[in-house]
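Below is one structure, written out as structure tokens; comments come after it.
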Amino acid sequence: MRQNFFQATLNLVKKIPVGQVSTYKIMATALGRPLAARAVGRALNKNPELIATPCHRVIKSNGEVGGYKKGKLMKKSLLKQEGIEFFGERVKDLDQYLFKFNLKK
DNA sequence: AGTAAGGCGGGCA
DNA sequence: GTGCCCGCCTTAC
């Protein structure tokens, strides 16, 4: 399932609705690996299609933007275009935009 | 096969 | 809030 993890990750990112975001942790959990947040980031970094796969909608669990292959500035810009606002390096009202997939809080 | 790296998380000083 | 370290997981060399 190693190779599949990569696929599953990209696939999962595509499920994030426009105007919403998720965190590496949540995604890792959704993938069955609550502790693989790092691996998720690794996968997204090697994301073949930056546009088709909205990896910019994935941020850190603490609300910070996190990183982006093309730079976090670009990431923030893309998110802003989707209606998400920022407060410095953090997403404003994170819980409001946070997409938790099928997970229950 | 071994090791380093990477868009992280959490705990503690 | 900041900084540091350790832990976790997968991918690349």
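When you line the first sequence up against this note's numbering, it's residues 690 to 794, in that order.
Ideal Cβ placement from N, Cα and C applies to all residues, glycine included.
Count the other C-beta atoms from every protein chain shown that fall within 10 angstroms of the C-beta of Arg746, then say buried if there are 16 or more, exposed otherwise. buried
Collapsed DSSP secondary structure at Thr712 in the structure displayed: strand
Considering only the alpha carbon of each residue, which of Lys759, Gln692, Val710, Lys704 lies closest to Asn751? Val710
Does DSSP put Ile705 in a helix, in a strand, or in coil? coil
My understanding is that Glu753 touches Gly708, with C-beta atoms under 8 Å, so please give their C-beta distance in whole angstroms. Incorrect: roughly 19 Å between the Cβ atoms, too far for contact.
Using only CA atoms, which one of Ile705, Glu738, Phe695 lies nearest to Ala725? Phe695
Taking only the alpha-carbon atoms, compute the straight-line gap between Leu767 and Ala697 and give it to the nearest angstrom. 23 Å
Name the residue from Leu699, Asn693, Ile705 whose alpha carbon lies nearest to the alpha carbon of Asn791. Ile705
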